[in-house]
Amino acid sequence: MTRHGLEGMLEFLAYLRKKKIMYRIEQQVDDGLEVSFALVGYRLEVTFFADHMEYSYFTGHEDVETDETKLFHLIESHSD
C-alpha cells in the first residue's frame, strides 16, 4: 500500500479504522499533518506532506514513573 502525500491520508486513516487502531491527528509542522498511534511495543508518528509521507517509530518501554527528581533531571539534561 503506497501513500502519496495528503491525497493518501484519508485512505490511510480508513485503513487504521478498519484495523480498529485509534489515532490522533495534529499539525506539528507548517506544511504537514501528523497521525500518531500505538501498537503493542511501538509508538508511531506518520507525517503527510503535500507530495510525500514520512514516519518515525519508537520502541522500548514507556513505563509510568513517579520520581520527580528524575523527571526534572531528564528535562534539564535534554533541553537548552
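The sequence shown finishes on residue 127 if you use the numbering used here, and the numbering steps up by one all the way, no holes. Ideal placement from N, C-alpha and C gives every residue a C-beta, glycine not left out.
Taking every protein chain shown into account, the CB of residue 105 has fewer than 16 other CB atoms within 10 angstroms, so this residue is exposed. The criterion of a C-beta distance shorter than 7 Å is not satisfied by residue 80 and residue 68. Annotated as proximal: residue 95 and residue 53, with beta-carbon spacing under 7 Å. By the Cβ neighbour-count rule, residue 87 is exposed, with fewer than 16 other Cβ atoms within 10 Å of its own.
According to DSSP, residue pairing for residue 86 in a beta bridge involves 89. As DSSP reads the structure, residue 103 sits in a beta bridge with 92.
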